[in-house]
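For reference, the structure is listed below as structure tokens.
Structural data, given as structure tokens:
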């Protein structure tokens, strides 16, 4: 379709290949510079890969293999040189797609001059030249790119493409880094669709942006799901109870107890919080969905504030109805009133490792009694709930379709059971799963805490408050989890979970979290989970995943080595120094200097978001300074690799080892990095001898962790 035709007709659905065929785009100066981060880029790559896998496994359900990723709004500019499409909306995604196509062509670059000039920037010459260079030369040009955002995107895409060439793409969603295979690239070009719209000639762009920026918000998927599930509940009070449970569970920044009032109404009655979480506010009392709904409906019946604007709903057989819109848009004043407005000591500054839509999918998977193992992660995967929020509605629709043979009473029971499992899961998540907490200096996304809620004893004539303490630590301490008095079991649980989290950073596809929640639901006493058993479970999960990686086969693959391998190694190094007895430490690491360095570094170590695999001895050292290149087998050896933050890697990736050892703050680095630095400084060198010695020592640690025969040094 021509641009002129497109401007007169309806919006045009085009494949990514068609978008760039015979069209030239310009991103005008008033649009912001390219700014997508790793999160957006990885999400796009993962979405395309997931869509391809989904199309392959579920083709019988729908005829189409196509996947729609959004819209592109353009303004056609005509001149003697032809038609140029100015990008009005969708420029960030369009630029990312152009970068992906540049790096996934049949060769190292794209020799088609038409594609090379298909996308440019107005007034940003460096960015425009970077796009031309990428389109022309492919991956070989990445080191010559000068625009930070475009270079970061190109590096991330190239890493994903490299992983896709090395990994089984059918299991790519179960590894800790995004992979993008040649099959994914073909699917992107042919089956990923964009709705392209050309604005009518003479459109006032200022008015267009004003309209777009002031349009009303759409309902989110989880709000639509809530309305759909409520329809299975026949009674008004039952619907209100479901809504109250759902809304309480959706607030992830605080313990779920804070969403229920501690106030006794009337005086002397049992408060909402006590009814659900016991007199100490730290247990989970309901033992069934019926018991939970009885409690919550009793709360609603006794809450005068819930009827300030409408008649009191009646629970048994009444014809009175409440509007779903009212359920979805409960006022803030009512929510504040229900919580009692109490000044709980418990902070509202927690950061959850999962969001509410993805949590709902975990609960659905638990309700369906599904399992997951790293040994066979794809076993029956096409029939299981996908832990991706983009599939939220389709997964629940599929579950409801499977229950279509049930009568109304059975469907009602399913919805009530889901609400019960949702609240129980929130209690387990809040009590036994790590979160982050603000530090005195501000936001800290790596200040891991593991806190359970409890009732703080109040002096006479004072109101009791909700506080928090370390989950597995004795006493009432609410201090930092980094204090020197830490309980060993508590610290191990925290470190193991942090190790998994920094490996699987996305809020979706958190299979380690599903394994944790599944195990917690199996415990007889949800309020008294045994810490030592929890440690054994987490270590078994790590060992299983390590074995499934076939780590000895992938550990010398340079930047393709999975991040999990480095993180599980750091946990084992920390455990050997902080938890294990001295005989295990000296058996696994029979090197006095290594032991001394490890015991010095381990007390202050914490897991951080180190996501970039770095060559300690650089791949391309400066020949002008007389540095030689290592043979690739030595440079890509595990002994020469470490994890760093992406910003550190970008700033100092070409420093020589001794300079790196002196430049970086040791306490902020991985334990592996600290051991490498200590060895380099001690030897005043970092070459093949040090690389292989360190690699052999680290192999022993991982073999010990995996319960496989330990290598002989």
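In the UniProt record's numbering, the protein residues as written are 1 to 713.
Using N, Cα and C, we set each Cβ at its ideal position, and we do this for glycine too.
From residue i to residue j, what distance separates their C-alpha atoms?
| i | j | result |
| --- | --- | --- |
| residue 695 | residue 428 | 39 Å |
| residue 434 | residue 205 | 47 Å |
| residue 45 | residue 69 | 11 Å |
| residue 48 | residue 54 | 10 Å |
| residue 684 | residue 676 | 12 Å |
| residue 368 | residue 502 | 28 Å |
| residue 297 | residue 517 | 27 Å |
| residue 478 | residue 495 | Confidence at residue 478 is low in this model, with a pLDDT of 49, below 50, so its placement is unreliable and the value that follows should be read with caution. Near 18 Å, if we compare the C-alpha coordinates of residue 495 and residue 478. |
| residue 401 | residue 241 | 25 Å |
| residue 37 | residue 413 | 44 Å |
| residue 24 | residue 425 | 51 Å |
| residue 95 | residue 134 | 12 Å |
| residue 395 | residue 573 | 40 Å |
| residue 579 | residue 359 | 33 Å |
| residue 327 | residue 506 | Note that residue 327 scores a pLDDT of 43, beneath 50, so its modelled location is shaky and nothing firm can be said. |
| residue 420 | residue 301 | 19 Å |
| residue 339 | residue 31 | Low local confidence applies: a pLDDT of 47 at residue 339 is under 50, so the model's placement there is unreliable, and no value is given. |
| residue 93 | residue 614 | 28 Å |
| residue 190 | residue 597 | 54 Å |
| residue 221 | residue 635 | 47 Å |
| residue 232 | residue 407 | 10 Å |
| residue 198 | residue 89 | 11 Å |
| residue 145 | residue 193 | 29 Å |
| residue 586 | residue 700 | 11 Å |
| residue 290 | residue 508 | 31 Å |
| residue 165 | residue 43 | 19 Å |
| residue 181 | residue 275 | 53 Å |
| residue 51 | residue 73 | 24 Å |
| residue 704 | residue 588 | 7 Å |
| residue 28 | residue 132 | 17 Å |
| residue 600 | residue 657 | 21 Å |
| residue 109 | residue 100 | Bear in mind that a pLDDT of 49 at residue 109, under 50, signals an unreliable position, so the model cannot answer this. |
| residue 550 | residue 260 | 48 Å |
| residue 622 | residue 659 | 13 Å |
| residue 689 | residue 631 | 13 Å |
| residue 674 | residue 497 | 22 Å |
| residue 530 | residue 679 | 40 Å |
| residue 533 | residue 489 | 10 Å |
| residue 40 | residue 157 | 12 Å |
| residue 277 | residue 471 | 16 Å |
Can you tell me where the beta strand (DSSP E) holding residue i begins and where it ends?
| i | result |
| --- | --- |
| residue 656 | That residue, residue 656, is in no beta strand (DSSP E); it is neither H nor E in DSSP. |
| residue 456 | 451-456 |
Who does residue i pair with in a DSSP beta bridge?
| i | result |
| --- | --- |
| residue 121 | 27 |
| residue 427 | DSSP lists no partner for residue 427. |
| residue 187 | DSSP lists no partner for residue 187. |
| residue 194 | 14 |
| residue 435 | 449 |
| residue 467 | 454 |
| residue 644 | 612 |
| residue 617 | Partner(s): none; residue 617 has no beta bridge. |
| residue 350 | 437 |
In terms of residue numbering, what span does the alpha helix (DSSP H) encompassing residue i cover?
| i | result |
| --- | --- |
| residue 152 | 148-166 |
| residue 250 | 236-250 |
| residue 597 | 592-601 |
| residue 358 | 356-367 |
| residue 200 | Here residue 200 belongs to no alpha helix (DSSP H), and DSSP marks it neither H nor E. |
| residue 296 | 289-301 |
| residue 678 | 671-683 |
| residue 259 | Residue 259 -> no alpha helix (DSSP H), and no H or E assigned at all. |
| residue 689 | 688-705 |
| residue 228 | 221-230 |
* Answer yes if the region 537-544 comes into contact with the region 595-611, meaning at least three C-beta pairs across the two stretches below 8 Å, and no otherwise. => no
* **Completely contained beta strand (DSSP E) runs for the region 512-583, where each covers 3 or more residues** => none
* **Runs of beta strand (DSSP E) lying entirely within the region 57-91, each at least 3 residues, in chain order** => 67-79 and 82-89
* Can we say the region 386-397 touches the region 350-366, given the rule of at least three CB pairs closer than 8 Å? -> yes
* Asked: Are the region 139-159 and the region 82-90 in contact at 8 Å, needing three or more beta carbon pairs?
  -> no
* Is the region 662-674 touching the region 546-554, taking contact as three or more C-beta pairs under 8 Å? -> no
* **the region 633-648 in contact with the region 580-588 per 3-pair CB rule at 8 Å** => no
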